[in-house]
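Notes follow once the structure below has been shown.
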Ligand code: SF4
Ligand code: SF4
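In the numbering used here, the protein residues as written are 4 to 176.
Take a look at the structure:
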């Protein structure tokens with residue numbers, strides 16, 4: 004029918020005219036982000052981390068520092084785990100590289116700082132900050148509790164292959 008398009012268009016206009024405001028009054032109101040939202044900063048679970056430093060090797064900017072020492076029964080202590088987010092470009096290659104799901108992109112996004120040093124995250128930060136992991140690349144992160152989860156049952160006590168390789172290299176094999 005001639006003019007039907009105009010009527011349909013006006014119905015859409017009228018519907019939106021009568022709809023209530025949808026503006027979110029940030030920061031008093033906040034939208035809930037999607038589970039795979041890639042926010043700033045990281046979530047790191049010390050209990051899951053073996054100190055293998057694969058994340059550090061995967062980082063194109065070299066901003067992850069991992070230092071370990073010999074622990075009991077051949078295990079490794081992760082003495083230092085640090086990320087300089089002032090240089091990080093949030094590519095998440097480190098998260099994708101971690102074989103033990105110890106590192107996640109975070110869901111927080113309000114982390115502006117006055118000093119660059121405040122953007123340097125260390126173990127104290129990771130172990131005290133509220134954990135809000137993103138499900139990016141790790142879909143089973145959805146619903147992870149804010150507190151630290153139990154250690155993985157299959158966490159290797161000793162990176163045997165790495166140690167054997169190190170010994171072999173020292174021997175010049
Ligand atoms: S997100 Fe990218 S740049 Fe940042 S620490 Fe991970 S690998 Fe490095
Ligand atoms: S790759 Fe994962 S397990 Fe290995 S040091 Fe990094 S966070 Fe820890």
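C-beta atoms are modelled at their ideal positions from N, C-alpha and C, and glycine is treated no differently.
None of the values given here were measured: they were computed from a predicted structure.
When the options are compared against residue i, the one with the closest alpha-carbon
i           : options        : result
residue 139 : 10, 39, 29, 17 : 39
residue 103 : 49, 25, 23     : 49
residue 119 : 41, 29, 87     : 87
residue 58  : 115, 31, 100   : 100
residue 70  : 76, 20, 56, 45 : 56
residue 77  : 53, 84, 85     : 53
residue 107 : 60, 141, 127   : 141
residue 130 : 37, 81, 21     : 81
Any non-hydrogen atom of ligand 2 closer than 7 Å to residue i Cβ
i           : result
residue 101 : yes
residue 105 : yes
residue 94  : no
residue 58  : yes
residue 66  : no
Assigned secondary structure, residue i (DSSP; H/G/I helix, E/B strand, else coil)
i           : result
residue 116 : coil
residue 138 : coil
residue 85  : strand
residue 109 : strand
residue 99  : helix
residue 128 : helix
Residue i Cβ short of 7 Å to ligand 1 heavy atom set
i          : result
residue 55 : no
residue 44 : no
residue 15 : no
residue 38 : no
Residue i - containing beta strand (DSSP E), residue span
i          : result
residue 70 : 67-73
residue 45 : 45-47
Ligand 3 heavy atom lying under 7 Å from the CB of residue i
i          : result
residue 52 : Ligand 3 is absent from the structure shown, which contains only ligand 1 and ligand 2.
First through last residue of the alpha helix (DSSP H) which encompasses residue i
i          : result
residue 20 : 7-21
The region 82-96 in contact with the region 53-67 per 3-pair CB rule at 8 Å
yes
Can you confirm whether the region 9-25 touches the region 103-121 when touching is taken to mean that 3 or more C-beta pairs between the two stretches lie within less than 8 Å?
no
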